[in-house]
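Trainee:
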Amino acid sequence: MPLYRDEAVVLRTHKLGEADRIVTMLSRQHGKIRAVAKGVRRTASKFGSRLEPMMVVDVQLYEGRSLDIVTQAESLGAYGADIAGDYASYTAAAAMIETADRITDDSGSLQQYLLLVGALRSLSRRERVPGLTLDSYLLRSLSIAGWAPSFVDCAVTGAPGPHTAFVVQLGGVVADSVAPPGTPRVDPETIDLLAALLAGDWPTVEASDDRARGQASGIVAAYTQFHLERGLRSLRLVDRR
Amino acid sequence: MYEGIIQELIDELGRLPGIGPKSAQRIAFHILQTETFDVTHLAEVLLEVKEKVRFCEICGNVSEQDTCNICRDPRRSATTICVVEEAKDVVAIERTREFRGLYHVLGGAISPIDGIGPDDLRIRQLLQRLADGTVTEVIIATDPNLEGEATATYLTRLLVQPGLRVTRLASGLPVGGDLEYADEVTLGRAFEGRRLVEQ
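In the order they appear, the protein sequences are chains A and B. By full-length UniProt numbering, the letter at position 55 of the first sequence is numbered 55, and the numbering carries on one by one without gaps. By full-length UniProt numbering, the letter at position 49 of the second sequence is numbered 49, and the numbering carries on one by one without gaps.
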């Protein structure tokens with residue numbers, strides 16, 4: 001199958017040679033794809049603007065030995081321009097893109113693809129506060145990857161909640177009996193917010209106050225960075241004002 | 001693998017941007033077959049450029065003195081500043097002969113995924129240049145890609161103040177191109193930025 005077609009969201013691009021780009025995409029069926037897009041940096045390029053990060057494209061590729069080659073690209077969702085028009089959305093989207101790049105591989109994950117496209121669409125339409133969309137995306141993306149945190153029952157013993165001790169290394173809230181000494185306590189409102197972000201319960205999320213949001217974003221960042229092993233560079237630059 | 005110094009030369013050339021192992025090998029053998037004088041001259045120029053060239057204290061453009069030719073030129077208008085990402089963008093705009101103001105080189109664009117935030121660019125220096133009120137227009141000429149647009153958005157938010165006009169370079173169809181081959185994003189921008197030709 002030298003020629004194949006898929007839907008994909010563009011994650012990153014790198015310059016190659018005089019006018020080419022290496023495009024990293026998360027596709028619906030083929031997982032993460034790295035492909036060469038020839039001549040796309042020239043102003044006369046037919047599909048250069050469609051292969052910018054955060055664009056959703058219907059793409060046709062030719063299978064290469066190490067990298068595939070983009071032969072056609074049609075736009076399905078031009079989210080980049082709208083996202084770049086709002087700085088907070090842009091920084092949130094950049095953190096999502098970096099997470100998706102790190103969390104996915106060549107094996108396809110339809111759920112990760114749909115989650116990312118949905119989150120980018122939401123940011124481009126300014127549906128929610130960008131920082132909250134990001135936190136919800138991070139929690140759900142980690143859950144799909146197999147690192148779902150527990151915000152109700154104890155992550156170690158399964159003892160029914162509510163619990164207020166949150167330990168990143170143990171996978172969520174834990175009962176007092178298993179919490180390591182000195183574990184910081186989290187406000188019940190923050191735990192509720194985290195559970196709502198994970199479940200996509202937006203009425204509860206939107207009713208939360210700034211203090212709970214600040215605490216929740218810190219916990220989500222710590223949880224994400226712990227499971228991704230290396231820190232996300234874009235996370236410290238997220239504009240949450 | 002070649003022996004000793006030849007392999008070292010190929011490895012060093014291969015570290016340059018856009019030069020792969022094959023190109024590095026081709027350049028290395030070209031150097032070996034070239035007259036000694038040319039190679040010496042190349043080596044001298046490389047050393048000289050590292051020694052002499054620095055960044056303009058005012059605008060961040062490349063210069064052989066503390067300030068660049070453009071900032072020193074009294075014929076340039078000090079009321080307009082064109083903000084670009086890289087020094088090579090200054091050369092591109094100068095080739096148009098349309099702009100007679102001054103420049104400000106940011107040194108890149110905001111790219112969180114690469115760890116580049118506003119504090120890593122020369123934005124603070126731009127704000128200092130605007131503080132005395134001489135400048136009445138800032139033209140944002142960052143690249144028309146995602147990072148460039150986001151940088152323009154950030155700057156616009158920061159620069160909004162009375163008496164200062166903030167403009168962005170137009171985007172649209174390339175001169176000499178065919179409309180039917182234009183992609184929808186570019187064509188959409190061209191429509192957005194259409195102008196009145198007749199009253």
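Ideal placement from N, C-alpha and C gives every residue a C-beta, glycine not left out. Since we're looking at a predicted model, the values are computed, not measured.
Within 10 Å of its beta-carbon, does ASN145 (chain B) have 16 or more other beta-carbons around it, so buried, or fewer, so exposed?
Mentor: Sequence index remark: in the second sequence, residue 145 (chain B) carries index 145 (1-based). ASN145 (chain B) should be labelled buried.
Trainee: Considering just the uninterrupted stretch of the alpha helix (DSSP H) at GLN128 (chain B), what are its terminal residues?
Mentor: By 1-based counting over the second sequence, the position of residue 128 (chain B) is 128. 123 to 130 is the extent of the alpha helix (DSSP H) around GLN128 (chain B).
Trainee: When you compare only the Cα positions, how much space is there between TYR90 (chain A) and ALA84 (chain A)?
Mentor: Along the first sequence, one-based indexing puts residue 90 (chain A) at 90. Along the first sequence, one-based indexing puts residue 84 (chain A) at 84. Cα to Cα, TYR90 (chain A) sits roughly 5 Å from ALA84 (chain A).
Trainee: Can you find at least 3 beta carbon pairs, one from the segment 110 to 117 of chain A and one from the segment 21 to 39 of chain A, that sit closer than 8 Å?
Mentor: Enough Cβ pairs lie closer than 8 Å, so yes.
Trainee: Along the alpha helix (DSSP H) that carries ALA221 (chain A), what are the first and last residues, could you check?
Mentor: For the purposes of this step, residue 221 (chain A) is taken as the residue at position 221 of the first sequence. 210 to 228 is the extent of the alpha helix (DSSP H) around ALA221 (chain A).
Trainee: When you compare only the Cα positions, how much space is there between ARG122 (chain B) and TYR103 (chain B)?
Mentor: Here residue 122 (chain B) refers to the residue found at position 122 when the second sequence is read from its first residue. Here residue 103 (chain B) refers to the residue found at position 103 when the second sequence is read from its first residue. Approximately 12 Å, taken between the alpha carbons.
Trainee: Can a CB atom of chain E be found closer than 7 Å to the CB of PRO53 (chain A)?
Mentor: As a matter of chain content, chain E is missing from the structure shown, whose protein chains are A and B.
Trainee: Taking C-beta to C-beta, are ARG42 (chain A) and ALA73 (chain A) nearer than 7 Å?
Mentor: Within the first sequence, residue 42 (chain A) is the residue found at index 42, counting from 1. Within the first sequence, residue 73 (chain A) is the residue found at index 73, counting from 1. No. Outside cutoff.
Trainee: Where do the ends of the alpha helix (DSSP H) carrying ASP82 (chain A) lie?
Mentor: Taking the first sequence and counting its residues from 1, the one referred to as residue 82 (chain A) is at position 82. Note, ASP82 (chain A): alpha helix (DSSP H), 79 to 84.
Trainee: Take GLU149 (chain B) as the anchor and find which of A:GLU229, A:ASP86 and A:VAL36 has the nearest alpha-carbon.
Mentor: In the second sequence, the residue the question calls residue 149 (chain B) occupies position 149. Measuring from the Cα of GLU149 (chain B), the nearest candidate turns out to be A:ASP86.
Trainee: Tell me the residue span of the beta strand (DSSP E) that contains PHE166 (chain A).
Mentor: Sequence index remark: in the first sequence, residue 166 (chain A) carries index 166 (1-based). Run containing PHE166 (chain A): 165 to 167, per the beta strand (DSSP E) assignment.
Trainee: To be precise: take each residue of the segment 86 to 100 of chain A, compare its Cβ to all Cβ atoms of chain B, and keep it if any distance is under 8 Å. Which residues remain?
Mentor: Residues passing the 8 Å Cβ filter: ASP86, TYR87, TYR90, THR91, ALA94, ALA95, ILE97 and GLU98.
Trainee: Quick check: what's the CA-CA separation for ALA100 (chain A) versus VAL117 (chain A)?
Mentor: As a working mapping, residue 100 (chain A) is identified with position 100 in the first sequence. As a working mapping, residue 117 (chain A) is identified with position 117 in the first sequence. So the alpha carbons of these two residues sit roughly 11 Å apart.
Trainee: Any contact between the segment 168 to 177 of chain A and the segment 7 to 23 of chain B? By contact I mean 3 or more CB pairs, one from each, below 8 Å.
Mentor: At 8 Å Cβ cutoff, the stretches do not touch.
Trainee: Buried or exposed for PHE151 (chain A), please, with buried defined as at least 16 other CB atoms from any protein chain shown within 10 angstroms of its CB.
Mentor: By one-based count along the first sequence, residue 151 (chain A) stands at place 151. Buried is the call here.
Trainee: As an exercise, report each continuous alpha helix (DSSP H) stretch of at least 4 residues that is fully enclosed by the segment 132 to 189 of chain B, in chain order.
Mentor: Counting only runs of 4 or more, we get 146 to 159.
Trainee: Which residue comes first and which comes last in the beta strand (DSSP E) that contains residue 200 (chain B)?
Mentor: Chain B is shown only over 1 to 199; residue 200 (chain B) falls outside these bounds and no answer can be derived.
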